[in-house]
Amino acid sequence: MLVQILFYLFGAFLVASALGVIVARNPVHSALALVLCFVTSAAIWLLLEAEFLAVVLVLVYVGAVMVLFLFVVMMLDIDLAELRSGFTRYAWLGWITAGVVIVEIVGVVTARNLGVDVTRGTVPLPEDYSNTAELGNVLYTRFAYPFELAAMLLLVAIIAAIALTMRRRPGLKVQDVAKQVAVRREERVRIVKMDPEKRP
Amino acid sequence: MNPNLLLAIVLLPLAGAIIAGLGGRLVSRMAAAYVTIAGVAISCVLSLIVLKQIYWDGVPAFNGPVYTWLVSDGVTMQVGFLVDRLTALMMAVVTFVSLCVHVYTIGYMHDDPGFKRFFSYISLFTFSMLMLVMSNNFMQLFFGWEAVGVVSYLLIGFWYTRPSAIFANLKAFLVNRVGDFGFVLGIAGVLYYTGSLDYTAAFEAAPRIAQESFPLTSTTSVEALGLICILLFIGAMGKSAQVPLHVWLPDSMEGPTPISALIHAATMVTAGIFMVARMSPLFEHSELALNFVLIIGATTALFMGLLGIVNNDIKRVVAYSTLSQLGYMTVALGVSAYGAAIFHLMTHAFFKALLFLAAGSVIIGMHHEQDMRKMGGLAKYMPVTAVTCWIGALALIGTPFFSGFYSKDMIIEAAAASHRWAAPYAYWCVLIGVFVTALYTFRMLFLTFHGEERFRTAHAHAASHGGEGGHGESHGSADAHHHGGEPHESPPVVTVPLIALAIPSIFIGLFTVGPVLFGGYFGDSIFVLERNDVLAELGHEFHGPVAFALHGFITPTFWLALAGVVTAWVFFLWKPGLADRAAEALRPIRTILVNKYYFDWFNENVIARGSRLLGRALWRGGDQVLIDGALVNGTAATVGRFGGVVRLIQSGYLYSYAFWMFIGLAVLLGWFLLRS
Amino acid sequence: MASETTLTWATVAPAIAEIYLAIAVCVLLLVDVFYGEKRRGLTPTLTLAALALGALLTAQFGAVTERVTLFNGMFVADELGHFLKLAGFVFVGFALLYSRTYLEQREILKGEYYVLALTALLGIFVMVSAASLLTMYIGVELLALSVYAMVAFDRDSGIAAESAMKYFVLGSIASGALLYGMSIVYGVTGTLSLDELAGQLRGELSAGVILGLVFIVVAVAFKLGAVPFHMWLPDVYHGAPTSVTLFIGTAPKIAYFALALRLLAEGLQGAVAEWSQMLAALAVLTLVVGNVVAIVQSNLKRMLAYSTISNVGFIVLGFVAGTPEGYSAALYYTLVYVLMSLGTFGVILLASRKGFEADELDHYKGLHARDPMLAFVMMVLMFSTAGIPPFVGFWAKLRIIQELWATSHPWLILIAIVMSVVGAFYYLRVVKLMYFDPPGELPATERNTGARVALGLNAAAVVLLGLLPGPLLDLCARLLH
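Right, dumping it as structure tokens:
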């Protein structure tokens, strides 16, 4: 019972904060709403006894990704008026469509329970069950193939990000450490022999 | 039999054609000639080997697919060969005649700028014809059928700068389209009733189809097999130039002479005859179709021969003779004497090719003069041509012991022996045809080779209207040297094929009539119902070729032929003035003949003009107003408007794109969730 | 599970294409880092060599005689997959061959481009061999991510950046829909494996499955470019550098075919009645919108984008039939379509020069006079795409119509035929422009021999496969039995 109350509480927060992400006028507020979104989903995962995932979500997304994101958003000067022009004109249509989709999904989920028997309730996991260990177990055995592929996916993301952003500007002065270290005296110091004073 | 051997026979001419045609500058003129000749020569030798294997060694007929092209809805379309005795004979004839023509072409086309193109075409033609002959299914038959049509179109229009050649090849193409339309419908009929394009399946189903009837309207119907056969035969009428689809053949003489020999004597025009013989298991079961065939053939045999009498162009006379002889073959088909038809086809291939090549030789000798009124007395100047031409003529009119005698007499006898209701008409037609044949053949012979030497006066005349005769057929320097000079004998490349063809023109009938017609040569490759088998009846009275020939001297046929020769001699050699008086006396008939029974007039003025008028009416009324106005432009306008509207939706705004996706999602969701 | 933990050659050989490609990507990346700067042409050449080697290895070791699953049921190897991977190698090879000069002239001939092309190919392979919802999703993302980056590759082009942005955002929405649908299906059935899914979904379907199915269909439709989920396609085709348009217009179509086949036809075969109706509705919209809107385009790349949409309509129709024969017709259509659009965009690439994108229809006026070979190839391709016999495009359309006939969809046949006729108009217009209009003052076309030879082969394949359609038709029928 308590779990159910908590679930609906967090669920409501999750939906509200997700809405906040898209309706907030200020991008910083949006980003913050997204942080809230992640935190509440982590809480729901906890309720599902997926502790490791919940922790990772908070650590990685909230702790690293979103912070980075916030930095970027704060540094950029985004013209809100321009972004929103034309958008609001059709907003009513958007709301209607969204409403229809929501009604449809809710209809399926609540009225017909997705058409499956979900009244069995949950079976509590044994005391010594470790989410982390279990995940580690299957990740490198059963799911080795998709896991490796996910690594490829990250590699692609890195390549893409670098290829699209790194720009070698001509004429930019850069240090070449190897050259600096390998330099020899002859290249640096030129000994010039000259008279101490100008000859008369 | 090894299928690779058969493939080689077919593909070598194709390879030759490709090398000569697409080789470009890599292949020199003579190389093109040698390559194609080598291809056809090997093909010819292999065909003879096949013939030997089939006939003497008793190798069973080959029937099987070589390559499956595609399978569509249970109908398999494949390249396959059916090589039995009938096919083997045709292959030998086709490749042999083609080889002769190839060799002859070296001399005839020597200075033509389209030398290589010409070799490429005739090799391609050989390939197409072999595909047609060797097919074991209707699909491939149709391919060969159309391919020979296309190549003949290209060849007739070979000198494409001459308007008359372009007109002639267009005419050939259009008339053949009419025939092909029937042919396609016939094939569709076969497919409809048997569900297969294979010969074997169609032949097996023939007795069954003969029982069925095809509803034309709600009340009338026609026997299904008869309809199919007549439709197929309409195709044959186009290719084999039977009345009324014969009009293209005389005009096709616009092509170079080797073509006249190749296409219009030995091979392409016989495609129809061959096809009917090949389809004998179908035709045999339909009296209706065979009577139709008989009437068409008999009409062609007599009435086309008559046209030969009034024509003055040497090549056209030979062309009308071909038409008439094709009529004879068709008559043989119509009386179920398929063997006789093929036999005549074979002998005719030799002596008609000979006559064409001889005519070509005369034309070369006369510096591209084709009008017989400007010849005469040429025997002195062109002895080899004259002698060989005589041999061809004697064979054509059916002089006993010559090859034409055996085949032609056999057809006449078969027509007499047949019990079909149209047979008496056919018999009289072919019998009178003998007289007509002798008349026009010897008229040609006498006008060309004997009598007064008219070319001297004619030459002065010809010079005044320039190079009209040798317009495209110009022999360049050779021509210039000899202009105004004596007629001269042609070079050996021309005369050797003449001699090569003259020998079989004399002897081939004597040696082959027994085995081919009565010795069961065709075996089961030709199917004849017992009650229709006139050849078997004739076989009882056949006591060897020599006896048959001797007997030939006392038949009406011989005397009619002799009468024809004598008439020709009287009118054109002894008393040339008589011919004009006779022409004056028979003016109405002559007018009809000169106008070729008004077929061309009818086609051009009634059919062509009529359809143009109809087309114009439909165009004005239907097309411009209804279709263009309302449908096409209307559609275009509607489409354009719709396109414009949809383009508006493609606004370029990201949110609008995403929005449309959501609408799609919502609609799909709603639709299926409400349903379930 | 224990038995599968031992890795032997036999248990990894069917995945040779994927394993090899992943290694090749890493090697090429390193080579490019160390030598790419000094020797510009090295990575492109090596990539082509790597593709050739990959095709050889796959042909040699990757063949399977029957359907097997590897990696704990995450990976399926069958003859279809083997063939599609070989086709993928070839198509990507040709695409990169055509692109080289184009990239060079726009100064975007970089190693990363080639590496991204290879990772996209890897994504294609993963999709082709996906046996579970999870691998399928990762494959989709692998391909999509590589392609997004490729579209934006020309950073100096504003329009490319814009279209990449649109592609990325819309693609993410579709990807979200796919993931959402998959998770619902997983939640209802409790399995990720497509085989088990096929076993479980029998008889009456639960509402949850249908809910998931709708989202999956939406995602598949988006990837294929079916209306109304096609909006990204014209903008991306138009905005992306032509070499990238060529790339995304060709090899990925194989993957999207596999996506539809593995997810819908195999995994969700129990729901065939539902999804084939959804696809039928989408196909009708797609055919109409694709063909009609193509007519009013003045930009060739945009026109070809709508042509792609209309062709996608045909591919979808193959799935509507809902039979193995229908899928084989769709496979045949996909292969043929990829072959044709490979050539078509190849022509555009060769007609373009530095600082000149030959992407307006007007740029093709009188092409025959300027470059007969290019015009001829284009004519063959246009005729084929319009479905005129004897070119291969005709057989592709015919096969689809045959299968619709066999499954009694007369109205769809009618619409397909009417729309083909409408479509023929804009293909033939290109031919008319090339052959009958006077040439304008335009830069000369590209004379790269390698690309021209490849283009000639490409056109020859279109003609030859049209004249001898039997082998490929048989192959497609055999692969889907």
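Chains as they are written, first to last, in this note's numbering: chain V, 1153 to 1352; chain X, 24 to 699; chain P, 473 to 953.
No residue lacks a Cβ here, since even glycine has one placed at the ideal position from N, Cα and C.
Nothing here was measured: the structure is a model prediction, and the numbers come from that model.
Residue 613/P touches chain V at which residues, Cβ-Cβ below 8 angstroms? Counting only Cβ-Cβ distances below 8 angstroms, residue 613/P has contacts in chain V at 1305, in chain order.
Which listed residue (358/X, 543/X and 194/X) has its alpha carbon closest to that of residue 268/X: Minimum Cα distance to residue 268/X is reached at 194/X.
Does residue 199/X come out as helix, strand or coil in the three-state DSSP assignment? Reduced to three states, the DSSP call for residue 199/X is helix.
Against chain P, does residue 485/X count as a neighbour if the rule is that its beta carbon must be under 8 angstroms from one of theirs? The pLDDT assigned to residue 485/X is 44, lower than 50, so where the model puts this residue is not dependable; a value taken from the coordinates is nonetheless given after this. Interface residue (Cβ-Cβ distance to chain P less than 8 angstroms): residue 485/X is not classified as such.
Less than 8 angstroms between CB atoms is the rule here; does residue 1249/V satisfy it with respect to chain X? Closer than 8 angstroms to the CB of residue 1249/V there is at least one CB belonging to chain X.
Could you say which of 942/P, 838/P, 655/P and 517/P lies nearest to residue 804/P if we only look at CA atoms? Among 942/P, 838/P, 655/P and 517/P, the Cα nearest to that of residue 804/P belongs to 942/P.
Chain V contacts made by the segment 675–690 of chain X, where a contact means CB separation under 8 angstroms: Those residues of the segment 675–690 of chain X placed with their C-beta closer than 8 angstroms to a C-beta in chain V are 676, 678, 679, 682, 685, 686, 688 and 689, ordered along the chain.
Using 8 angstroms as the threshold, is the C-beta distance between residue 425/X and residue 586/X below it? Contact: no.
Would you decide whether residue 488/P is buried or exposed? Buried here means 16 or more other CB atoms lie within 10 Å of its CB. Residue 488/P comes out buried.
Three or more beta-carbon pairs under 8 angstroms between the segment 1160–1173 of chain V and the segment 1210–1222 of chain V, yes or no? By the criterion of at least three beta-carbon pairs nearer than 8 angstroms, the segment 1160–1173 of chain V is not in contact with the segment 1210–1222 of chain V.
Could you list which residues in chain X have their beta carbon closer than 7 angstroms to that of residue 1260/V, in chain order? When 7 angstroms is used as the limit between beta carbons, residue 1260/V is near these residues of chain X: 696, in chain order.
Kindly indicate which residue of 613/P, 626/P, 629/P and 668/P has the alpha-carbon position closest to the one of residue 641/P. When C-alpha distances from residue 641/P are compared across 613/P, 626/P, 629/P and 668/P, the shortest belongs to 613/P.
Can you check the segment 501–582 of chain X for any alpha helix (DSSP H) of at least 4 residues that lies completely inside it and give the ranges in chain order? List check, alpha helix (DSSP H) in window: 515–536, 557–563 and 568–575.
8 angstroms Cβ cutoff met for residue 236/X and residue 227/X: With a cutoff of 8 angstroms on beta-carbon distance, residue 236/X and residue 227/X are scored as not near each other.
Tell me residue 88/X's beta-bridge partners as DSSP assigns them. Paired residue(s): 103/X.
By DSSP, does residue 1337/V sit in helix, in strand, or in coil? In the structure shown, residue 1337/V sits in a helix (DSSP, three-state: H, G or I).
How many angstroms separate the CA atom of residue 160/X from the CA atom of residue 301/X? C-alpha separation (whole angstroms): 11 angstroms.
In chain order, what residues of the segment 1288–1301 of chain V put their CB closer than 7 angstroms to some CB of chain P? Hits within the stretch, in order: 1293, 1294, 1296, 1297, 1298 and 1301.
Contact belief for residue 923/P with residue 822/P at Cβ below 8 angstroms, rounded distance in angstroms: Indeed, because the Cβ distance is near 6 angstroms, the residues count as touching under 8 angstroms.
Is the beta carbon of residue 786/P less than 8 angstroms from the beta carbon of residue 720/P? 8 angstroms or more divides the Cβ of residue 786/P from the Cβ of residue 720/P.
Taking only the alpha-carbon atoms, compute the straight-line gap between residue 576/X and residue 558/X and give it to the nearest angstrom. The alpha-carbon atoms of residue 576/X and residue 558/X are separated by roughly 21 angstroms.
CB residue 407/X to CB residue 524/X, shorter than 8 angstroms? No, they are not a contact pair.
Would you call residue 500/X buried or exposed, if buried means 16 or more other Cβ atoms sit within 10 Å of its Cβ? Bear in mind that the predicted position of residue 500/X carries a pLDDT of just 38, short of 50, making it too unreliable to give a figure here.
How should residue 1332/V be labelled, buried or exposed, when 16 other C-beta atoms within 10 angstroms of its C-beta is the threshold for buried? With fewer than 16 other Cβ atoms within 10 Å, it is exposed.
Consult DSSP for residue 712/P and reduce its assignment to one of helix, strand or coil. Looking at residue 712/P - three-state DSSP - the assignment turns out to be coil, as it is neither helix nor strand.
Check whether the Cβ of residue 1316/V lies closer than 8 angstroms to any Cβ atom in chain P. Chain P contact via Cβ: present.
Measure from the C-beta of residue 92/X to each C-beta in chain P and report whether the shortest distance is under 8 angstroms. At least one chain P Cβ lies under 8 angstroms of residue 92/X.
Which chain X residues are close to residue 1173/V, counting only those with a beta carbon under 9 angstroms from its beta carbon? Within 9 angstroms of the CB of residue 1173/V, no CB atom of chain X is found; the nearest one sits about 15 angstroms away.
Counting only beta-carbon atoms, is residue 1167/V nearer than 8 angstroms to chain X? Taking 8 angstroms as the threshold, the shortest C-beta distance from residue 1167/V to chain X does not fall below it.
Tell me residue 541/P's beta-bridge partners as DSSP assigns them. Bridge partners of residue 541/P: 548/P.
Per DSSP, what kind of secondary structure is residue 159/X in: helix, strand or coil? Of the three classes helix, strand and coil, the one that applies to residue 159/X here is coil, per DSSP.
Given a cut-off of 8 angstroms on the beta-carbon distance, is the pair residue 325/X and residue 427/X in contact? Not in contact: residue 325/X and residue 427/X (Cβ atoms no closer than 8 angstroms).
Length of the line joining the Cα atoms of residue 755/P and residue 810/P: Near 19 angstroms, if we compare the C-alpha coordinates of residue 810/P and residue 755/P.
Is the beta carbon of residue 734/P sitting closer than 8 angstroms to the one on residue 608/P? Result yes, Cβ atoms of residue 734/P and residue 608/P sit closer than 8 angstroms.
Opening and closing residue of the alpha helix (DSSP H) in which residue 227/X lies: For residue 227/X, the enclosing alpha helix (DSSP H) begins and ends at 222–234.
Could you tell me the alpha carbon to alpha carbon distance between residue 732/P and residue 780/P, rounded to whole angstroms? Approximately 17 angstroms between the Cα atoms of the pair.
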